[in-house]
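Participant:
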Amino acid sequence: MAAVCSMEDFLKQCEQSGDAAYGAFRSVLERLEDPTTRAQARIFLSALQKRFGNEEASEKCLEKFHFRIEDIVLDQYEGYQKRKKLTMMVIPSIFIPEDWSFTFYEGLNRNPDSIFKDKTVAELGCGNGWITIAIAAKWLPSKVYGLDINPRAVKISWINLYMNALDEEGLPIHDEEGKTLLDRVEFHESDLLAYCRDRNIKLERIVGCIPQILNPNPDAMSKLITENASEEFLHSLSNYCALQGFVEDQFGLGLIARAVEEGIAVIQPMGIMIFNMGGRPGQGVCRRLFERRGVRVTKLWQTKILQAADTDISALVEIEKNSPHRFEFFMGLASDQPICARTAWAYGKAGGRISHALSVYSCQLRQPNQVKTIFEFLKNGFHDVSSSLDLSFEDDSVADEKIPFLAYLASVLKETSTFPYEPPAGSRRFRSLIADFMRTYHHVPLRADS
26 MAAVCSMEDF LKQCEQSGDA AYGAFRSVLE RLEDPTTRAQ ARIFLSALQK RFGNEEASEK
86 CLEKFHFRIE DIVLDQYEGY QKRKKLTMMV IPSIFIPEDW SFTFYEGLNR NPDSIFKDKT
146 VAELGCGNGW ITIAIAAKWL PSKVYGLDIN PRAVKISWIN LYMNALDEEG LPIHDEEGKT
206 LLDRVEFHES DLLAYCRDRN IKLERIVGCI PQILNPNPDA MSKLITENAS EEFLHSLSNY
266 CALQGFVEDQ FGLGLIARAV EEGIAVIQPM GIMIFNMGGR PGQGVCRRLF ERRGVRVTKL
326 WQTKILQAAD TDISALVEIE KNSPHRFEFF MGLASDQPIC ARTAWAYGKA GGRISHALSV
386 YSCQLRQPNQ VKTIFEFLKN GFHDVSSSLD LSFEDDSVAD EKIPFLAYLA SVLKETSTFP
446 YEPPAGSRRF RSLIADFMRT YHHVPLRADS
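Here this note's numbering is used: the first residue of the sequence shown is 26, the next is one more, and so on.
The structure is reproduced here in structure tokens:
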């Protein structure tokens, strides 16, 4: 493999375009992946960061050379006692860390230290990989998979992994267990949990910080996603989602709904899913997305953030025009009076800054094995039924009866291609179940032969 080019030649290539800069860093990644050139490539990245050492130079670097290397400070977060910072790179075609992801990480830090320790974890929508790497550095999971549908994000995440697994001289940094970040972290291109599902990887923790606004240009989301796609399109993948075929699409939450249902399939029974939830649809709508799927929800953290300036909320305005639902925004960060999407859109167009609530939810399956059985059945040709499914029950005793019954019914229907002939009065076993239910919960003295 050819030697690393000079700093000036490298920057000259990056200056040509964002695509050229990405190509230059792909070459650096190839050298990082080769153990014989790994240290030299890491030293080159250290020199590159020092070349643009202050914040002003870093911003100019992004504008002129289409990349930026900066430090993300970690010890500002509650309970943080280990690595003080991460060195991370971004390019224009991937998600650039901002309030949305920083709030998510704040929520993760509200968990006990044992939350990820020795666990198998996946992060959905990993972007440049900073949260995936931070999880590995702080909580020492057995393995954490950073997953993103943007192929460029995955490549940049690998570069960031090497930058934080090796010191500025290219030597490995070992944690208290004698492992490096390279032992704990992997990044893969994946549509939500497809990578784990296709390889039968069972997860104990799933965390997700993924788009919750429909793309105002639906046709754009039908494009083939490749690393050679336009920068604008690839960056849009971090801001917008397409219709997913769920009732929650009307609130921009269809991608979250699909992530939850995919998570139900691959998570261990006592596993935990943690999601960043924008409060634009209203807190009740957000909670119901989880609860109707048999998931208990605990709010770990909530704050208010400014709506990202590069995200178009016109799709939410259209939803309000065609439905009675009203989304929830605020004028600036100080206001507590909610305004609808139409008002927020107009206020933003007039130069105002709008904000919305942002919550971090921790989710666990209410009756794991039964809920898994129900969704395993529904995914085989009964997707439409899931839109009307409601496994939310205020009374645990009702849930303890109804969810196992639905799971039993799902298992019977899954295994039975044709129904056997039953007596005219109906299945005696089914009649017995109904009679038992009426006696137990309604004190009606029924018997199977009544």
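Backbone N, C-alpha and C define an ideal beta-carbon position, used for all residues, glycine too.
#1: Would residue 385 and residue 299 qualify as a contact pair, given that the criterion is a beta-carbon distance under 8 Å?
#2: Let me know the secondary structure DSSP gives residue 105 once reduced to three states.
#3: Return helix, strand or coil for residue 418, following the three-state DSSP convention.
#4: Can you tell me the Cβ-Cβ gap for residue 329 and residue 366, rounded? I've got them flagged as a contact below 8 Å.
#5: Going by DSSP, what residue range makes up the beta strand (DSSP E) through residue 301?
#6: Going along the chain, which residues of its own chain have a beta-carbon closer than 7 Å to the beta-carbon of residue 307, five neighbours each way excluded?
#7: Could you give the distance in angstroms between the alpha-carbon of residue 128 and the alpha-carbon of residue 474?
#8: Can you grab the Cα-Cα spacing for the pair residue 413 / residue 312, in whole Å?
#9: Closer than 8 Å is the cut-off here; do at least three beta carbon pairs connect the stretch 268 to 286 with the stretch 228 to 246?
#10: What does the Cβ neighbour count give for residue 180, buried or exposed, with the cut at 16 atoms within 10 Å?
#11: Have a look at residue 507 and residue 463 and give me their C-alpha separation to the nearest angstrom.
#12: Name the two residues that bound the continuous beta strand (DSSP E) containing residue 390.
#13: For a minimum of 3 consecutive residues, which ranges assigned as the beta strand (DSSP E) are wholly contained in the stretch 273 to 361?
#14: Once the 5 residues before and after residue 533 are set aside, which same chain residues still bring their CB inside 6 Å of it?
#15: Do you know how far the Cα of residue 68 is from the Cα of residue 335?
#16: What does the alpha-carbon distance come out to for the pair residue 72 and residue 63?
#17: Does the beta-carbon of residue 395 have 16 or more other beta-carbons within 10 angstroms, so that it is buried, or is it exposed?
#18: Can you tell me whether residue 408 is buried or exposed? The criterion is at least 16 other CB atoms within 10 Å of its CB, across all chains shown.
#19: Which of helix, strand or coil does DSSP assign to residue 249?
#20: Which same chain residues, not among the five before or five after residue 370, have their C-beta less than 6 Å away from its C-beta?
#21: Are the beta-carbon atoms of residue 121 and residue 178 separated by less than 8 Å?
#22: Rounded to whole angstroms, what is the Cα-Cα separation between residue 170 and residue 288?
#23: For residue 467, which three-state DSSP category applies?
#24: What does a CB cutoff of less than 7 Å around residue 159 pick up in its chain, not counting 5 residues either side in sequence?
#25: Can you tell me the Cβ-Cβ gap for residue 428 and residue 438, rounded? I've got them flagged as a contact below 8 Å.
#26: So, helix, strand or coil for residue 158, using DSSP?
#27: When the distance is taken between beta carbons, is residue 221 closer than 8 Å to residue 320?
#28: By how many angstroms is the C-alpha of residue 152 removed from the C-alpha of residue 325?
#29: Pull the bridge partners of residue 130 from the DSSP assignment, please.
#30: Considering only the alpha carbon of each residue, which of 56, 142, 355 and 248 lies closest to residue 305?
#31: With respect to the beta strand (DSSP E) encompassing residue 149, which residues constitute its N-terminal and C-terminal limits?
#32: Name, in chain order, the residues that DSSP records as bridge partners for residue 170.
#33: Can you tell me where the beta strand (DSSP E) with residue 76 in it begins and where it stops?
#34: Tell me, to the nearest whole angstrom, how far the beta carbon of residue 296 is from that of residue 229; I am working on the premise that it is less than 8 Å.
#35: From residue 176 to residue 212, what does the alpha carbon distance come to, in whole angstroms?
#36: Between which two residues does the alpha helix (DSSP H) harbouring residue 367 extend?
Facilitator: Based on what the coordinates show:
#1: Position 360 of the sequence shown, counting from 1, holds the residue named residue 385. Position 274 of the sequence shown, counting from 1, holds the residue named residue 299. Going by C-beta atoms, residue 385 is nearer than 8 Å to residue 299.
#2: Here residue 105 is taken as the residue at index 80 of the sequence shown, counted from 1. Residue placement at residue 105 cannot be trusted, given a pLDDT of 47 that sits under 50; what the coordinates show is reported in the next sentence. Three-state result, residue 105: coil.
#3: Taking the sequence shown and counting its residues from 1, one reaches residue 418 at position 393. Reduced to three states, the DSSP call for residue 418 is coil.
#4: Your numbering for residue 329 matches position 304 in the sequence shown. Your numbering for residue 366 matches position 341 in the sequence shown. Contact flag wrong, Cβ pair sits at about 16 Å.
#5: Walking along the sequence shown from the start, residue 301 turns up at place 276. Unbroken beta strand (DSSP E) run through residue 301: 292 to 303.
#6: Residue 307 sits at position 282 when you count from the first residue of the sequence shown. 353, listed in sequence order.
#7: By one-based count along the sequence shown, residue 128 stands at place 103. By one-based count along the sequence shown, residue 474 stands at place 449. Straight-line Cα distance between these residues: approximately 59 Å.
#8: Start at 1 with the first residue of the sequence shown, and residue 413 comes out as number 388. Start at 1 with the first residue of the sequence shown, and residue 312 comes out as number 287. Roughly 16 Å separates the two Cα atoms.
#9: yes
#10: Working through the sequence shown from its first residue, we reach residue 180 at position 155. With 16 or more Cβ atoms within 10 Å of its Cβ, residue 180 is classed as buried.
#11: This structure leaves residue 507 out entirely; the chain is present only between 26 and 475.
#12: In the sequence shown, counting from the first residue as 1, residue 390 sits at position 365. Looking at the DSSP string, the run of the beta strand (DSSP E) that includes residue 390 is 379 to 390.
#13: 292 to 303 and 320 to 331
#14: Because the chain spans 26 through 475 in this model, residue 533 falls outside it and cannot be assessed.
#15: For the purposes of this step, residue 335 is taken as residue 310 along the sequence shown, with counting starting at 1. For the purposes of this step, residue 68 is taken as residue 43 along the sequence shown, with counting starting at 1. Between residue 335 and residue 68, the C-alpha separation is close to 35 Å.
#16: Along the sequence shown, one-based indexing puts residue 72 at 47. Along the sequence shown, one-based indexing puts residue 63 at 38. Roughly 15 Å separates the two Cα atoms.
#17: Counting from 1 along the sequence shown, the entry for residue 395 is found at position 370. Burial call: buried.
#18: Numbered from its first residue, the sequence shown carries residue 408 at position 383. It counts as exposed.
#19: Working through the sequence shown from its first residue, we reach residue 249 at position 224. Correct three-state label for residue 249: coil.
#20: Here residue 370 refers to the residue found at position 345 when the sequence shown is read from its first residue. 338 and 342, listed in sequence order.
#21: Numbered from 1 along the sequence shown, position 96 holds the residue referred to as residue 121. Numbered from 1 along the sequence shown, position 153 holds the residue referred to as residue 178. No, the Cβ-Cβ distance between residue 121 and residue 178 is not below 8 Å.
#22: Looking up residue 170 in the sequence shown gives position 145. Looking up residue 288 in the sequence shown gives position 263. Using only the alpha carbons, I get a separation of about 14 Å.
#23: Counted from its first residue, the sequence shown places residue 467 at position 442. The answer is helix: DSSP assigns residue 467 an H, G or I state.
#24: For the purposes of this step, residue 159 is identified with residue 134 of the sequence shown, where counting begins at 1. Closer than 7 Å at Cβ, skipping near neighbours: 99, 111 and 130.
#25: To locate residue 428, count along the sequence shown from 1; it is residue 403. To locate residue 438, count along the sequence shown from 1; it is residue 413. In fact, because the Cβ distance is near 16 Å, the residues do not count as touching under 8 Å.
#26: As a position in the sequence shown, residue 158 is number 133, starting the count at 1. If DSSP states are grouped into helix, strand and coil, residue 158 belongs with the helices.
#27: Position 295 of the sequence shown, counting from 1, holds the residue named residue 320. Position 196 of the sequence shown, counting from 1, holds the residue named residue 221. No.
#28: Against the sequence shown, residue 325 aligns to sequence position 300. Against the sequence shown, residue 152 aligns to sequence position 127. C-alpha separation (whole angstroms): 22 Å.
#29: Taking the sequence shown and counting its residues from 1, the one referred to as residue 130 is at position 105. Paired residue(s): none; residue 130 is not in a bridge.
#30: Taking the sequence shown and counting its residues from 1, the one referred to as residue 305 is at position 280. That would be 355, whose Cα lies nearest to the Cα of residue 305.
#31: Start at 1 with the first residue of the sequence shown, and residue 149 comes out as number 124. Taken as a continuous stretch (DSSP letters only), the beta strand (DSSP E) holding residue 149 covers 145 to 149.
#32: As a working note, residue 170 is residue 145 in the sequence shown. Residue 170 pairs with 147 and 211.
#33: Start at 1 with the first residue of the sequence shown, and residue 76 comes out as number 51. Unbroken run through residue 76 is the alpha helix (DSSP H), 63 to 76; no beta strand (DSSP E).
#34: Reading the sequence shown from its first residue, position 271 is the one you call residue 296. Reading the sequence shown from its first residue, position 204 is the one you call residue 229. Going by Cβ atoms, the distance from residue 296 to residue 229 rounds to 5 Å, so yes, they are a contact pair.
#35: Position 151 of the sequence shown, counting from 1, holds the residue named residue 176. Position 187 of the sequence shown, counting from 1, holds the residue named residue 212. Roughly 10 Å between the two C-alpha positions.
#36: The residue given as residue 367 occupies position 342 in the sequence shown. From DSSP, the alpha helix (DSSP H) with residue 367 extends over 366 to 374.
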